Amino acid sequence: MKKLLYTIGIICLSMTSCIDEVNLRTETQDTKLVIDAWISNDPEMSYVKVYESTPFVSGDFHLPLEDVPISGAWVENRNGFVTSFRPPSYPSHGLTVYSPFEEYDFEPGDQFKLIVILSNGDRVESDWQEVHNPAGRIAFDYELSFQTVFIDRWNGEPFPQRREYWDFNARIEKANAQENHNYYVKASGIEQLYTAGLVENCTCTCYLSYPNLNYSLTAVNSSSPASTYTVPMGRMEAGRNTRFYLKADVYSVSEQAAAYLSSIGVQQTNTGSIFDPMPFKISGNLRNTDNPEQEILGQFSTAYHTSFDEMINRATLFSENRDKNIKLIYPASVTGSCLEEYPEADTSPPAPFRMQ
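For the sequence shown, UniProt numbering assigns the number 1 to the initial residue and increments by one for each residue that follows.
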């Protein structure tokens, strides 16, 4: 009888348990040197970061990265011009981000190489990287899609409801239709949100930012002979009659850089982590010239930046698509502030909304 009860207990435990692959961090795990470096005509994409790799742990989306001290970092071009990268004037939390100290020319056809001197005197270099032609004209289009969502009820089970969405696409015109082009695309947006207040002086309008609208790293290779390339950008709910600011940042990169970024995208998908900017198992074009056996992770890339933005009026899209039977989403009721319903939003209009 005891044996039977023991067997039943084991079966019950196995039925209620969840098996998940967990990569535990231990003291004996080796870390590797990672260098994440870019130079671009976009100042925000011109930087050098040097740190130790950190193994991914299931459920840990904010990996504690450790700075690696260096003696110097600079980028030189084929003409011998050198651009030094310096740490910020004031210490900041998190990784040290080295930024260009001097102005530099950045034109298609230019070639750059990164040099980093480690604290022990070792010299790390990249391959020469060419600046590629920028993308041509960029435009957005929108396609209606449908999805079933579950709405919570205060006194019962959630019920299913069909919701309509506008899926964004960016149509990127290639600089030369006869050549391959590689792009790193960032999609971002700001959504205007309305609420219904119960008091006269309600702050009922707020703005929610989406720094990564498509929730993934998007690197594309356009080898098609077509003159344009379509890139998915994300989506917004179609039933809200408010405005939505949409922006696409398109960086022309090398084929090798696009392949490297695509590898990061695959790893982020496999681990479920889209927050780690430089996953720990991927090496690129860097080498330690004083210690060739050392594996250096990361990549140095050039990126020619172009951008396009648009303020989308969903009320206009709604009126132009009445035949689609889009269901309106009515504003939520609040006491005196939109932040009661959207605590991560901001009540101050961002610049794109102040200019309209």
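All C-beta atoms, glycine included, are put in the ideal place defined by N, C-alpha and C. This structure is a prediction, so every number in the text was calculated from the model and none was measured.
Asked: Ordered list of alpha helix (DSSP H) runs contained in the segment 279-326, each at least 4 residues; Found: 314-320
Asked: C-alpha gap between K327 and E164, whole angstroms; Found: 7 Å
Asked: 7 Å Cβ cutoff met for M233 and N221; Found: no
Asked: Within 7 Å, strictly: CB atoms of G239 and D36; Found: no
Asked: Top-ranked residue by Cα proximity to W38, from N291, S209, Q129; Found: Q129
Asked: Reduced DSSP category for C204 - H, G, I as helix; E, B as strand; rest coil; Found: coil
Asked: For R25, the three-state DSSP class (helix, strand or coil); Found: Unreliable positioning characterises R25 in this predicted model, as indicated by a pLDDT of 41, which lies under 50. A coordinate reading is not provided.
Asked: Cα-Cα separation, P279 to A332; Found: A caution first: P279 carries a pLDDT of 49, below 50, which makes its placement in the model unreliable, though a value can still be read off. One C-alpha to the other measures close to 40 Å.
Asked: Under the three-state DSSP convention, the category S273 falls into; Found: Any reading at S273 is ruled out, since the residue's pLDDT is 49, under 50, leaving its predicted position unreliable.
Asked: Distance between N133 and L33 (C-alpha atoms, nearest Å); Found: 31 Å
Asked: Nearest-angstrom Cα separation, counted from R171 out to R137; Found: 8 Å
Asked: Span of the beta strand (DSSP E), counted from its first residue to its last, around A187; Found: 181-197
Asked: For A351, the first and last residue of its enclosing alpha helix (DSSP H); Found: 351-354
Asked: Coarse secondary structure for I264, derived from DSSP in three states; Found: helix
Asked: Integer Cβ distance of T203 from S337, believed to fall under 8 Å; Found: 5 Å
Asked: The segment 300-313 touching the segment 244-256, judged by at least three CB pairs closer than 8 Å; Found: yes
Asked: Limits of the unbroken beta strand (DSSP E) element including T228; Found: 228-237
Asked: Integer Cβ distance of R287 from E125, believed to fall under 8 Å; Found: 6 Å
Asked: I151 versus Y194 - alpha carbon distance; Found: 19 Å
Asked: CB contact flag (A187, A219, <7 Å); Found: no
Asked: Closest Cα partner of S307 within the set A135, V50, M45, P87; Found: A135
Asked: Local Cβ density within 10 Å of Y330, reported as buried at 16 or more and exposed below that; Found: exposed
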